[in-house]
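Step one of this worksheet: look at the structure below.
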DNA sequence: CTCTGTGAAAACATTCACAGCG
DNA sequence: CGCTGTGAATGTTTTCACAGAG
């Protein structure tokens with residue numbers, strides 16, 4: 007009896023960064039197929055949907071255990087469950103948004119977060135004039151001075167930065183001091199955090215600029231006519247601080 | 007006399023994808039230093055600001071020509087100008103947003119696009135009830151049926167997809183048919199376009215999921231305590247279509 | 001015969017380390 | 001000296017190709 011569907015995390019280290027990003031894609035595609043009633047899927051079919059080779063899919067999944075059934079493929083339900091556990095998606099995450107401007111408010115209205123198990127429990131803004139305003143379903147803007155207390159009280163583990171560039175690092179420091187374990191940054195600059203804090207950045211201007219570059223330069227960077235799905239938001243990890 | 011500050015594009019191919027992403031970071035940092043009045047900068051200083059090694063910075067810049075002055079560093083003004091030209095940032099780009107929901111509206115209000123030379127000239131929405139509404143400074147929502155005509159009339163070369171998942175591919179096809187050369191996609195799915203069309207995706211849920219994974223897994227993917235700035239939005243290039 | 005898991009090979013990207021310019 | 005540009009060395013990720021399970 008081999009341990010099919012067994013160990014969730016064999017080595018617990020050395021997950022290639024690109025593979026980590028693709029995990030999200032696998033989970034999404036698999037969830038979609040599960041909903042559609044599919045019971046099994048081959049690495050080839052999965053790869054095709056996502057623009058990846060079958061070998062890539064198998065290597066990635068094999069990082070976490072033996073999920074496949076030779077000759078048959080992967081059991082969709084099983085795999086979804088395993089991936090959810092591996093990625094920490096089997097629990098609810100509580101987050102807060104800092105910055106009640108355009109981006110902050112758009113994120114608060116973004117249903118998908120809620121639906122996917124990311125609950126936004128609080129909004130903060132530095133502008134005293136904004137404090138107290140109801141900015142989304144039963145969420146009032148709070149003062150920055152309340153940050154630490156609210157993070158603790160609500161059990162917030164993820165902070166979302168939606169403030170202007172020049173305030174971003176300061177806000178990040180405050181979030182970390184308040185006890186969050188990860189930060190999603192929308193400000194257009196690099197954020198430094200001490201080791202052990204997860205940080206991922208999403209930068210609209212860089213994204214647009216990449217398009218401009220590709221058009222102006224007349225090529226997809228590297229790999230000419232090749233297909234190429236390059237998943238994953240900008241993420242930054244920096245030790246030189248703290 | 008060696009051709010300093012000469013050739014803008016030597017090989018015009020084989021720009022490593024990660025390098026292409028870092029170009030945006032260089033330009034941003036350099037612009038900031040230019041504004042601050044700095045005249046020269048070394049690869050080491052530049053790298054330090056961005057969490058990169060000096061060698062990396064030099065390699066990246068050397069892809070496009072000889073910009074540095076041995077013993078002195080890089081002339082900030084010169085380099086900014088060159089990078090802007092290389093990245094196509096020396097001209098204005100005209101874009102349109104499809105989808106007047108939360109994300110679409112937030113993007114329309116995002117001043118930075120305008121300031122950086124990306125002009126959003128039109129908004130479209132499939133909902134007939136939305137048509138005609140003024141959704142941002144002098145921009146009224148247009149019907150999807152007007153897409154092709156408006157793209158042509160306004161000289162729109164970039165389309166921004168801010169519609170729900172299930173409509174995204176269809177919208178992408180319409181944009182390409184209308185003549186845009188690049189697409190920025192905010193819908194949570196992979197978009198396929200024919201070769202020659204630039205596509206970059208930004209996926210909020212994947213971003214959050216990466217944070218959850220890092221926290222749940224208790225590691226930064228690969229490279230343990232190492233510093234690591236991984237710039238760049240998800241981008242997708244797919245040939246298998248059209 | 002289909003499809004996985006996985007070593008071995010290839011491709012790709014980063015860092016090192018140094019010659020050479022100013 | 002300080003600093004660039006770059007070949008050579010190292011490290012990382014992807015692809016290949018095949019043994020073995022069902």
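Chains as they are written, first to last, in the working numbering: chain A, 7 to 248; chain B, 7 to 248. Heads up, the beta-carbon is just placed ideally off N, CA and C, and yes, glycines get one too.
8 Å contact criterion, which residue i and residue j should meet: CB distance rounded
i: residue 148 of chain A; j: residue 139 of chain A; result: Residue 148 of chain A to residue 139 of chain A, Cβ: 10 Å. No contact.
i: residue 25 of chain B; j: residue 95 of chain A; result: Contact flag wrong, Cβ pair sits at about 33 Å.
i: residue 106 of chain B; j: residue 136 of chain B; result: 5 Å
i: residue 256 of chain B; j: residue 158 of chain B; result: The shown model of chain B, from 7 to 248, leaves out residue 256 of chain B, and the question about it has no answer.
i: residue 86 of chain A; j: residue 33 of chain A; result: 7 Å
i: residue 20 of chain A; j: residue 215 of chain B; result: That belief does not hold up - the Cβ atoms of residue 20 of chain A and residue 215 of chain B are roughly 20 Å apart, past 8 Å.
i: residue 130 of chain B; j: residue 114 of chain B; result: In fact, because the Cβ distance is near 12 Å, the residues do not count as touching under 8 Å.
Cβ neighbours of residue i in the same chain (closer than 8 Å, five flanking residues each side left out)
i: residue 175 of chain A; result: 195, 197 and 198
i: residue 46 of chain A; result: 75, 78, 79, 80, 81 and 82
i: residue 90 of chain B; result: 33 and 96
i: residue 44 of chain A; result: 82
i: residue 122 of chain B; result: 95
i: residue 134 of chain B; result: 149
Residue-level contact to chain B via CB, residue i, 8 Å cutoff
i: residue 72 of chain A; result: no
i: residue 130 of chain A; result: no
i: residue 56 of chain A; result: yes
i: residue 139 of chain A; result: no
i: residue 52 of chain A; result: no
i: residue 220 of chain A; result: yes
i: residue 134 of chain A; result: no
Test item: CB-CB of residue i and residue j under 8 Å
i: residue 28 of chain B; j: residue 60 of chain B; result: no
i: residue 206 of chain B; j: residue 165 of chain B; result: no
i: residue 49 of chain B; j: residue 64 of chain B; result: yes
i: residue 127 of chain B; j: residue 84 of chain B; result: no
i: residue 111 of chain A; j: residue 132 of chain A; result: no
i: residue 163 of chain B; j: residue 202 of chain B; result: no
i: residue 56 of chain A; j: residue 35 of chain A; result: yes
i: residue 249 of chain A; j: residue 220 of chain B; result: Coverage of chain A is limited to positions 7 through 248, which leaves residue 249 of chain A absent and any answer about it impossible.
i: residue 213 of chain B; j: residue 93 of chain A; result: no
Residues near residue i in its chain [Cβ-Cβ closer than 7 Å; skip 5 each side]
i: residue 124 of chain B; result: 99 and 101
i: residue 185 of chain A; result: 157 and 158
i: residue 177 of chain B; result: 104, 167 and 169
i: residue 171 of chain A; result: 193, 194 and 195
i: residue 37 of chain B; result: 86
i: residue 62 of chain B; result: 53
i: residue 144 of chain A; result: none
Spatial neighbours of residue i in its chain, beta-carbon cut-off 6 Å, leaving aside the 5 residues before and after
i: residue 211 of chain A; result: 194
i: residue 191 of chain B; result: 167, 197 and 207
i: residue 70 of chain B; result: 92
i: residue 249 of chain B; result: Missing from the structure shown is residue 249 of chain B; chain B here goes from 7 to 248 and no further.
i: residue 155 of chain B; result: none
Residue-level contact to chain A via CB, residue i, 8 Å cutoff
i: residue 206 of chain B; result: yes
i: residue 211 of chain B; result: yes
i: residue 78 of chain B; result: no
i: residue 216 of chain B; result: yes
i: residue 65 of chain B; result: no
i: residue 200 of chain B; result: no
i: residue 4 of chain B; result: One cannot answer for residue 4 of chain B here, as it falls past the ends of chain B, which runs 7 to 248.
i: residue 196 of chain B; result: yes
Checklist entry - Of all the residues that make up the segment 25 to 49 of chain A, which are near chain B by a beta-carbon distance shorter than 8 Å? => result Result list: 25, 26, 27, 29, 30, 31, 33 and 34.
Item to check | Residues of the segment 83 to 102 of chain B whose Cβ lies closer than 7 Å to any Cβ of chain A, in chain order | outcome: Taking 7 Å as the Cβ-Cβ cut-off against chain A, the residues of the segment 83 to 102 of chain B that qualify are 93, 94, 95 and 99.
Next on the checklist: Which residues of the segment 101 to 127 of chain B have a Cβ closer than 8 Å to any Cβ of chain A? Give them in chain order.
Outcome noted: Listed by position, the residues of the segment 101 to 127 of chain B near chain A (Cβ gap below 8 Å) are 101, 108, 109, 111, 112, 113, 115, 116, 118, 119, 122 and 124.
Next on the checklist: Any C-beta of chain A within less than 7 Å: which residues of the segment 153 to 173 of chain B qualify?
Outcome noted: Using a CB distance below 7 Å, the part of the segment 153 to 173 of chain B facing chain A consists of 163 and 164, ordered along the chain.
Checklist entry - Taking Cβ-Cβ distances below 7 Å as the criterion, which residues of the segment 175 to 191 of chain B are in contact with chain A? => result Flagged, chain order: 187, 188 and 190.
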